[in-house]
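For the sequence shown, this note's numbering assigns the number 5 to the initial residue and increments by one for each residue that follows. All C-beta atoms in this analysis are idealised placements derived from N, C-alpha and C, irrespective of residue type, glycine included. Quick notes on the structure that follows.
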Amino acid sequence: MKMMNKTKMKKKPNKNKKETKQASLTFKWVSAVAAVITVSFVIFSIIIYSVVKRQLVEQEARLTSNVVQTFNNRLDNIPDTLEISNVVPRLSPNTGRLLAGKASNDNDDSRQVFNDDVLASLANREMRVTIFDPTGSVVFSNGNSDSSMKMPKISKNGQQTIINKDHQLHLVAAQPIHSEINNKLIGYIVVDNSLSRLNDVLHSLRLWMTTISIVGIILFSLFAFLIVNNVVKPIKQMSKISRAVNNDPNSQDRMPVTRRHDELGELIQNFNQMLDRMQAYIQQQKQFVGDVSHELRTPVAVVQGHLNLLERWGKDDPEVLEESIQASLQEINRMKHLIQEMLDLTRAEQIDVQFPNEVTNVNEVLSRTINDMRMIHQDFVITYNDALKPNTMIKMYRNHLEQVLIILMDNAMKYSTDRKELIVDASTEKDKVEIIVQDFGEGISHEEQKKIFNRFYRVDKARTREKGGNGLGLSIAQKLVESYHGKISVISELGSGSKFKLEFPLLKDEKN
Ligand code: ADP
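Here it is as structure tokens:
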């Protein structure tokens, strides 16, 4: 209960934490992309806008300067003060006659004047040209200027200035007119270029740039969202599945099989494999604990039974005492043997880490093990057919090869019946070493052959127990052999004996 509460308490905050993180990941990525795109668009727009504006202003400035120059050239041959009567004829000889004596701010006439001759050649209706006399009063203007119009400050070099009138840019150029005849200051020319074309172009440029930027930012953000979502979606799914597995270790939830051939596809595949493997380990572990406790229960019960017997009557009865002690010792021995085998099995699962570079001479280990077995089991005839090439080497720790051989030969003898004979064949094939341990005992049915490598599996539980078997020998042998990339198999006929075959890859240097 305590454990359960603990896990429950741990899981809840985890869940919320993960969900918030996922939600913000998409948001973060999309916002980052949108921010980068916005900044890029703004910088790009500013550059384009400035370049276009500069070009247009330069163009207008040149035009304005030409206008000033033309007016100056026309008027600088007047010796005295500028007046309407001497200005108009010089600017427009054809209409001079008609205008003589008329006010300079007559709209229609002024326009007429502007369209004529010099003025007409300029043909720029957005320019207002005003001529002042030296006192600063208006002598002539082509626009709607009134006589109260003030003369702007005039810089010496006739520089042009850009001013902002009612959100419209204006280019103003002013220049004094000196009489060419006596170099007397006879008046001033002021050209006010309203830059309406430039203002229009800049206005529509701003409009287009804003529209394109907004549409671009929306489109790019949408595109970024789709891409990010494509990456984040499987991550979210994975997180959901890991939560499900975390809550229920037996959950069969898996990531759907995907056709993507990228890092995410690989991650999904590995994720599924990892879950499968993890669950298989959990299952194995559970089964192992179950099997072990089941296996230990019988000997513990036997010892307990005998001790109870001793407690009740055995103390006084030497016969019961002797029998119970013997039986208990036997069971304890069996338990000791079982514990050793379980340890061997656990160790056999970690071989590749502990003995990665061990090499064994097969001939040597085989001869020695067979000789030892012959000594211990003198009632058996053990024939050894050695067809191995001299110094056949395999990648395996020698004690492990010996352990596997002992397990097989021990079984062969344990399950032999009348014919107490054993044949061991060893040969070097093209790229592998084959060792066969053959007996002529009780044999194993086809059905049972599939199960004998399972942990704690015994064909006949009672009989095997009699012979001291725990059903772990072949599991240990299989784990050891497979850890060294070898193979173990069985060919057997019920009643006529069994052949256990070991195959190991031949060490490369020793081939041929
Ligand atoms: P055990 O320690 O019980 O012998 P093993 O894993 O070595 O456990 O063997 C599993 C079962 O396979 C044995 O209980 C036995 O029934 C069967 N077996 C193994 N080797 C042979 C053999 N050479 N002949 C007949 N049966 C065998």
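| query | result |
| --- | --- |
| ASP443: CB within 7 Å of a non-hydrogen atom of ligand 1 | yes |
| One or two residues paired with HIS182 in a DSSP bridge | LEU189 |
| 8 Å contact criterion, which ILE82 and SER183 should meet: CB distance rounded | 6 Å |
| Contact under 8 Å by Cβ, ASN395 with ASN375 | no |
| ALA107, buried or exposed, once every other Cβ within 10 Å from all chains shown has been counted against 16 | Low confidence applies to ALA107: its pLDDT is 40, below 50, so where it sits in the model is not reliable enough to give any reading. |
| According to DSSP, residues forming a beta bridge with GLN164 | ALA177 |
| Any non-hydrogen atom of ligand 1 closer than 7 Å to VAL304 Cβ | no |
| ASN474 versus VAL437 - alpha carbon distance | 29 Å |
| Ligand 1 heavy atom lying under 7 Å from the CB of VAL463 | yes |
| Distance, MET379 Cα to GLU507 Cα | 26 Å |
| Distance between ALA36 and ARG115 (C-alpha atoms, nearest Å) | Interpretation of ARG115 is limited by its pLDDT of 42, a score under 50 that renders its predicted location unreliable; no figure is taken from the coordinates. |
| One or two residues paired with ASN365 in a DSSP bridge | MET397 |
| Close Cβ partners of GLY501 (< 7 Å) along its chain, the five nearest in sequence each way excluded | GLN442, ASP443, PHE444, GLY445 and GLY447 |
| When THR432, MET413 and ASN251 are compared against LEU1, the one with the closest alpha-carbon | Residue 1 is absent from the structure shown; the chain starts at 5 and stops at 516. |
| Contact belief for ILE480 with ALA352 at Cβ below 8 Å, rounded distance in angstroms | 5 Å |
| Beta-ladder partner(s) of ARG132, from DSSP | ASP196 |
| Beta-carbon proximity list for ALA104, same chain, < 7 Å, skipping 5 on both sides | Residue confidence is low: ALA104 scores 43 on pLDDT, short of 50, so the model does not pin down where it sits. No coordinate-derived value is stated. |
| Where the alpha helix (DSSP H) containing ILE286 begins and where it ends | 267-313 |
| Stretch pair the segment 397-407 + the segment 478-497: three plus CB contacts closer than 8 Å | yes |
| Nearest neighbour of GLU299, chosen from SER69, SER141 and GLU345 [CA to CA] | GLU345 |
| Endpoints, beta strand (DSSP E) assigned at GLN442 | 436-443 |
| Residue span of the alpha helix (DSSP H) that contains GLU326, given as start and end | 322-352 |
| Beta strand (DSSP E) segments (min. 3 residues) lying fully within the segment 407-488 | 425-432 and 436-443 |
| Identity of the residue in ALA178, LYS434 and PHE460 nearest LEU511 by Cα | LYS434 |
| Any non-hydrogen atom of ligand 1 within 7 Å of SER255 CB | no |
| Minimum length 4: unbroken alpha helix (DSSP H) runs contained in the segment 187-259 | 200-251 |
| Below-8 Å beta-carbon distance, HIS298 vs any chain D residue | The structure shown has no chain D; it contains just one protein chain. |
| Stretch-stretch touch, CB-based, cutoff 8 Å, three pairs: the segment 166-174 with the segment 232-239 | no |
| Residue span of the beta strand (DSSP E) that contains GLU493, given as start and end | A small correction: the amino acid at residue 493 is Ser; Glu does not occupy that position in the sequence shown. It spans 491-497 - the beta strand (DSSP E) in which SER493 sits, taken as one unbroken run. |
| Cβ contact (3+ pairs, closer than 8 Å) linking the segment 31-47 and the segment 219-227 | yes |
| Meets three-Cβ-pair contact criterion under 8 Å: the segment 209-221 and the segment 236-255 | no |
| Nearest candidate by alpha-carbon position, reference LEU498, set SER449, ASN389, ASN274 and GLN179 | SER449 |
| Contact test: TYR419 Cβ vs ligand 1 heavy atom, cutoff 7 Å | yes |
| Sequence-distant residues of the same chain with beta carbon closer than 7 Å to LEU173, five excluded per side | ILE166, LEU199, LEU202 and ASN203 |
| Within 8 Å, strictly: CB atoms of LEU484 and PHE460 | no |
| Beta-carbon gap between VAL324 and LEU311 smaller than 8 Å | no |
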